[in-house]
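Reminder that position 251 of the sequence shown reads as 251 in UniProt numbering, one-by-one numbering, no gaps.
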Amino acid sequence: MDDLIAELAGVLGEANVLVSEQDQAPFITDWLGKYRGAARAVVRPGSTADVAAVMRICARHKAPVVPQGGNTSMSGGATPDASGQAIILSLTRLNSIRNIDAVGNTITVDAGVVLAKVQQAAGAAGRFFPLSLGAEGSCTIGGNLAANAGGVAVLRYGTMRELTLGLEVVLADGRVWDGLTALRKDNTGYALRDLFIGSEGTLGVITGAVLKLFARPHARASAFVAVRDAAAALALLATVRDRCGDRLTAFEFMTGECLALILRHIGDARLPLAATPPAAVLIELSDQDDEPELRERLEAALAEGIEAGLVLDAAIAQDGTQAKAFWRIREGVSEALVREGKAAKHDVSMPVSAMAEFVAVADAAVRRVAPGVRPIVFGHLGDGNLHYNLLPAEGQDPAAFAAIAPELTRIVHDEIGRRRGSISAEHGIGQLRVDEMPLRKAPLELELMHQLKHLLDPAGLLNPGKLMPAATKN
Ligand code: FAD
Ligand code: MLT
Ligand code: ZN
Numbered sequence: 001m002d003d004l005i006a007e008l009a010g011v012l013g014e015a016n017v018l019v020s021e022q023d024q025a026p027f028i029t030d031w032l033g034k035y036r037g038a039a040r041a042v043v044r045p046g047s048t049a050d051v052a053a054v055m056r057i058c059a060r061h062k063a064p065v066v067p068q069g070g071n072t073s074m075s076g077g078a079t080p081d082a083s084g085q086a087i088i089l090s091l092t093r094l095n096s097i098r099n100i101d102a103v104g105n106t107i108t109v110d111a112g113v114v115l116a117k118v119q120q121a122a123g124a125a126g127r128f129f130p131l132s133l134g135a136e137g138s139c140t141i142g143g144n145l146a147a148n149a150g151g152v153a154v155l156r157y158g159t160m161r162e163l164t165l166g167l168e169v170v171l172a173d174g175r176v177w178d179g180l181t182a183l184r185k186d187n188t189g190y191a192l193r194d195l196f197i198g199s200e201g202t203l204g205v206i207t208g209a210v211l212k213l214f215a216r217p218h219a220r221a222s223a224f225v226a227v228r229d230a231a232a233a234l235a236l237l238a239t240v241r242d243r244c245g246d247r248l249t250a251f252e253f254m255t256g257e258c259l260a261l262i263l264r265h266i267g268d269a270r271l272p273l274a275a276t277p278p279a280a281v282l283i284e285l286s287d288q289d290d291e292p293e294l295r296e297r298l299e300a301a302l303a304e305g306i307e308a309g310l311v312l313d314a315a316i317a318q319d320g321t322q323a324k325a326f327w328r329i330r331e332g333v334s335e336a337l338v339r340e341g342k343a344a345k346h347d348v349s350m351p352v353s354a355m356a357e358f359v360a361v362a363d364a365a366v367r368r369v370a371p372g373v374r375p376i377v378f379g380h381l382g383d384g385n386l387h388y389n390l391l392p393a394e395g396q397d398p399a400a401f402a403a404i405a406p407e408l409t410r411i412v413h414d415e416i417g418r419r420r421g422s423i424s425a426e427h428g429i430g431q432l433r434v435d436e437m438p439l440r441k442a443p444l445e446l447e448l449m450h451q452l453k454h455l456l457d458p459a460g461l462l463n464p465g466k467l468m469p470a471a472t473k474n
């Protein structure tokens, strides 16, 4: 056992320092199966003090550290490179809910708590924690913070940055920043908290957080609505917003090709419409109102949509079970894509009004280079966030598609650039997009980011190869 491993085992106990390939297997590949790395060890600290000790030891040994939560990153952010030098620091043992303040509407948690557990704990206290995404059964609050997760309720509640009041962070040298305030207003200096949120493990290891809680909605109304295309969906979004205001909680768009893929791969997905439409939106309202009143509001908005020729067909959930069945369709998409095979995935955002035109232009542009390519498009329309995925032509050799995929990504991202959009709306940069950063970010932005990175991690040990491209020699 080398000195570093021996020192780590001395602090954490041998059972929490995994060195065999077998023990490391679940930690060294990403959820999509796109990246496979290697680790000198996987360590599982059980407290903030343990994390601080690990960081001090790794700093002394100049060992790179890859923080990891639920390992559900879609940009390879939690997977080490293949050098075998890195220590994977798994936060999963830091999984206590430290405090719930139902009067102050806050919950204080360890970073390794799984998102679903925070949702349940909030519900049990008569409150609501709104972050919701397909990986909520395994992603952790620390990963949600480090990736500034979005999900399906951003429309009403914002991303993780808007849901967070305080943070506890262990720095690269082992010092602990206790920023665990529950204050809604605190104007005493730079917004350090917001700097660490979205930093993807490259500026510090998040070990705790104070999150906002909300009133638990008593009523929900959900509809699965067939529309002609993204343009009709956007017009319907405006109608629903006019009629329902901030009762609108989710507005999830899917193309007909996306629906067909889900129905092909997800056995228990049942389409509540007469036929697979050209496109569809899943709409959810929630509020303190009584349910029939809320449903009437949704019905009135849809009637207006039908009147305006926007809505082709619609099913309104009569109970929670039916609403769940609607969501089973939407949440099946990631699984369906993985089962269909390697897609060129794009998680892009742009001004909401530009989305319909973007889809039409991008579809035509990629088809010029790859005639049979299959766009599978879905996403959080109200946030201007589309998941624009490309599958090979039916029967196309995956290797041939992989060879043209970088060109397809360049085309898609160039169209995003023309609309002053972003090449990563919610999944982060990770290792997937790191090489594109010099192409897509202004030199001054990159320079400031490098200076911040150098300030907080001068030895470059935190999550190397992720988010930050190699410093451009100036
Ligand atoms: P990990 O994957 O373990 O790590 C993610 C990043 O954060 C890595 O860079 C890692 O180094 C860093 N990190 C992890 N923990 C810490 C910590 N404590 N301190 C510092 N850095 C840390 N994302 C969305 O935004 N919206 C969605 O709708 C969405 N849907 C998804 C659906 C599915 C089926 C899947 C598989 C993923 C989805 N994701 C989505 C992506 C992913 O779930 C989120 O990015 C999530 O926030 C990652 O959490 P995690 O705990 O798995 O983090
Ligand atoms: C989603 O919205 O389902 C996620 O971001 C996952 C994905 O893009 O596949
Ligand atoms: Zn998403």
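We put the CB at the ideal spot given by N, CA and C, even for glycine.
Given the structure is predicted, the values throughout are model-derived calculations rather than measurements.
Which residues does DSSP pair with residue i in a beta bridge?
| i | result |
| --- | --- |
| F214 | F128 |
| D178 | E168 |
| A279 | V227, T255 |
| N385 | S349, H380 |
| D313 | A226 |
| G208 | D110, E168 |
| S286 | R220 |
| I429 | In the DSSP output, where bridge partners are listed per residue, I429 has none listed. |
| N95 | According to DSSP, which records beta bridges pairwise, N95 is partnered with nothing at all. |
| residue 496 | This structure cannot settle anything about residue 496, because the visible part of the chain is limited to 1 through 474. |
| L248 | L285 |
| L65 | The identity of residue 65 in the sequence shown is Val, whereas the question assumes Leu. Answer by DSSP bridge pairing, in chain order: I87, L462. |
Determine the direct distance from the alpha carbon of residue j to that of residue i, and round the result to whole angstroms.
| i | j | result |
| --- | --- | --- |
| I316 | T276 | 16 Å |
| V66 | A405 | 28 Å |
| A362 | D229 | 14 Å |
| G395 | K342 | 13 Å |
| K324 | A223 | 11 Å |
| A52 | N463 | 16 Å |
| R440 | I423 | 8 Å |
| K345 | I28 | 21 Å |
| Y388 | E415 | 12 Å |
| P80 | D347 | 22 Å |
| G150 | G70 | 16 Å |
| S132 | V333 | 15 Å |
| Q85 | D3 | 14 Å |
| D383 | S349 | 8 Å |
| Q119 | A219 | 17 Å |
| W31 | V369 | 29 Å |
| A354 | R419 | 7 Å |
| K185 | H265 | 48 Å |
| F358 | I411 | 12 Å |
| L285 | C244 | 8 Å |
| Q68 | A221 | 36 Å |
| R44 | V11 | 11 Å |
| L263 | V225 | 16 Å |
| Q431 | A279 | 32 Å |
| V205 | R330 | 32 Å |
Helix or strand or just coil, what does DSSP make of residue i?
| i | result |
| --- | --- |
| residue 475 | Any answer about residue 475 is impossible in this case: the structure gives the chain only from 1 up to 474. |
| Q318 | coil |
| N16 | helix |
| E291 | helix |
| T29 | strand |
| L271 | coil |
| T140 | strand |
| P375 | strand |
| S334 | helix |
| R161 | helix |
| A41 | strand |
| L89 | strand |
| Q306 | Note on residue identity: the sequence assigns Ile, not Gln, to residue 306. I306: helix per DSSP, three-state reduction. |
| G417 | helix |
| I266 | coil |
| D101 | strand |
| L461 | coil |
| L203 | coil |
| T261 | Note on identity: in this sequence residue 261 is Leu, with Thr being the wrong assignment. Residue state, collapsed to three classes: helix. |
| V11 | helix |
| P392 | coil |
| A470 | coil |
Residues with C-beta closer than 5 Å to any heavy atom of the ligand MLT, in chain order: G134, S334, H387
For the segment 257 to 275 and the segment 300 to 310, state whether three or more C-beta atom pairs, one from each stretch, are separated by less than 8 Å. no
Three or more beta-carbon pairs under 8 Å between the segment 364 to 382 and the segment 450 to 461, yes or no? no
Say whether the segment 284 to 304 touches the segment 256 to 263, bearing in mind that this needs 3 or more beta-carbon pairs closer than 8 Å, one atom from each stretch. no
Cβ contact (3+ pairs, closer than 8 Å) linking the segment 34 to 53 and the segment 117 to 133: no
Could you tell me whether the segment 191 to 201 touches the segment 111 to 120, where touching means 3 or more Cβ pairs closer than 8 Å? no
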